[in-house]
Amino acid sequence: MEGNPQAEVTRIPEGAEGWNGETLTEQGATFSHTFEVEGTYDYYCIPHKSLEMVGRVVVGEPSGLDGNPPDGAVPDEQATVDAGAVSFDEFQSG
Ligand SMILES: [Cu+2]
328 MEGNPQAEVT RIPEGAEGWN GETLTEQGAT FSHTFEVEGT YDYYCIPHKS LEMVGRVVVG
388 EPSGLDGNPP DGAVPDEQAT VDAGAVSFDE FQSG
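FYI, in this note's numbering the residues of the sequence shown are 328 to 421.
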């Protein structure tokens, strides 16, 4: 897949490929992506990027990403690993 022309910065591991899920319109719909390269991936929802709908996935060992992407705040890499999963509500209250 080619890079995302809307991305201000690309924060995925070196050698990893970007991805783009289709727009899900039905309640309960799902999308899956298999991460092939270890490291930290910061991503966002294209239509809601301006509302800071962003997220972070850590696969295996963190990449050492520092700070937040320009689109919004994401949980610390180690906190993400320690928690196993961090929901938006947990992140907001934590
Ligand atoms: Cu969204």
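Using N, Cα and C, we set each Cβ at its ideal position, and we do this for glycine too.
Could you check if residue i belongs to the surroundings of ligand 1, using beta carbon to heavy atom distance under 7 Å?
i	result
histidine 375	yes
I think residue i touches residue j, with their Cβ atoms under 8 Å apart; what is that distance to the nearest whole Å?
i	j	result
arginine 338	proline 396	6 Å
Below 8 Å between beta carbons: does that hold for residue i and residue j?
i	j	result
proline 389	valine 408	yes
Should residue i be labelled buried (16 or more other beta-carbon atoms within 10 Å of its own) or exposed?
i	result
aspartate 369	buried
methionine 328	The predicted position of methionine 328 is uncertain, since its pLDDT is 46 and thus under 50; a value taken from the coordinates is nonetheless stated next. Classification for methionine 328: exposed.
With a threshold of 8 Å between beta carbons, is residue i in contact with chain D?
i	result
leucine 351	Checking the listed chains, one finds no chain D in this structure; it contains a single protein chain.
At what residue ranges does the region 349 to 378 contain a whole run of the beta strand (DSSP E), taking only runs of 3 or more?
Counting only runs of at least 3 residues, the region 349 to 378 fully encloses the following beta strand (DSSP E) elements, listed from N- to C-terminal order: 366 to 371.
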